[in-house]
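Using numbering that gives the first Met the number 0, the first residue of the sequence shown is number 0, and each one after it goes up by one. Before any comments, here is the structure.
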Amino acid sequence: MSEPKILPFYMTYPMPIAYTQDQGMVRDLEYFQQIYPQGAKLLQREIAKMVHIIDYEGSMIYDEYPDQLSLRKLAKDMLDKLVRQKDTLPEMLQKLLTNDCIEEYVFLVLLNEILKKRHKNDRGYLMF
Numbered sequence: 000m001s002e003p004k005i006l007p008f009y010m011t012y013p014m015p016i017a018y019t020q021d022q023g024m025v026r027d028l029e030y031f032q033q034i035y036p037q038g039a040k041l042l043q044r045e046i047a048k049m050v051h052i053i054d055y056e057g058s059m060i061y062d063e064y065p066d067q068l069s070l071r072k073l074a075k076d077m078l079d080k081l082v083r084q085k086d087t088l089p090e091m092l093q094k095l096l097t098n099d100c101i102e103e104y105v106f107l108v109l110l111n112e113i114l115k116k117r118h119k120n121d122r123g124y125l126m127f
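In C-alpha cells, the structure reads:
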C-alpha cells in the first residue's frame, strides 16, 4: 500500500514574496510623480506623451542595455521640441525651460518614464 504524499506547508501556501516586486516599484514611482512640483509635473507629462510615441515593439527603450548616447540624443530632441512649442506651453513650464540645468532634468525624467514603460507589464513572474 502506498503512503499518501503530503506536501509541506510552505508548498501548499506559497509566500507572496516569491513574486516580483516590480509592480510596487512602478506604483511608488507613479505616486512620487504625482507629488512633483507643478513645473516638474507639467514637464513630466509632456515627456510621457513623447515617450508614448516611441513605445512600440522593437523600440530602443526596450533594449536590454539602451545606449546612453542615444538616450541623451532623444532627451535633447525632446527638449528642442519643447522649446519650439514654448509659446503654447503653460507659463510655469516656459519658466522651467529657461533653467540652465534643464537638459539634465529632461534626461532624468526621460529615464524615469522609460523605466516605468519597461516594467509596466511585469506581472506575476516568479523570482525563482
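C-beta: ideal position from N, C-alpha, C; glycine also. Please read these numbers as outputs of a predicted model, since none were measured by experiment.
In this structure, VAL25 sits away from GLU112, with a CB-CB distance that is not shorter than 9 Å.
Nearest to GLU45 by C-alpha distance, out of GLN93, LYS119, ASP99, is GLN93. Cβ atoms of PHE106 and ARG71 come within 8 Å of each other, at about 6 Å. Here GLN43 is buried, its C-beta having at least 16 other C-beta atoms within 10 Å. Taking LEU109 as reference, the option from PRO3, ILE60, LYS85 with the minimal CA-CA separation is ILE60. Distance between PHE31 and ALA39, taken at the CA atoms: about 12 Å. The straight-line gap separating the alpha-carbon atoms of ILE53 and LEU81 is approximately 16 Å. Boundaries of the alpha helix (DSSP H) harbouring ILE113: 101-118, taken from the DSSP string. Here MET91 is near GLN37, since their CB atoms are less than 9 Å apart.
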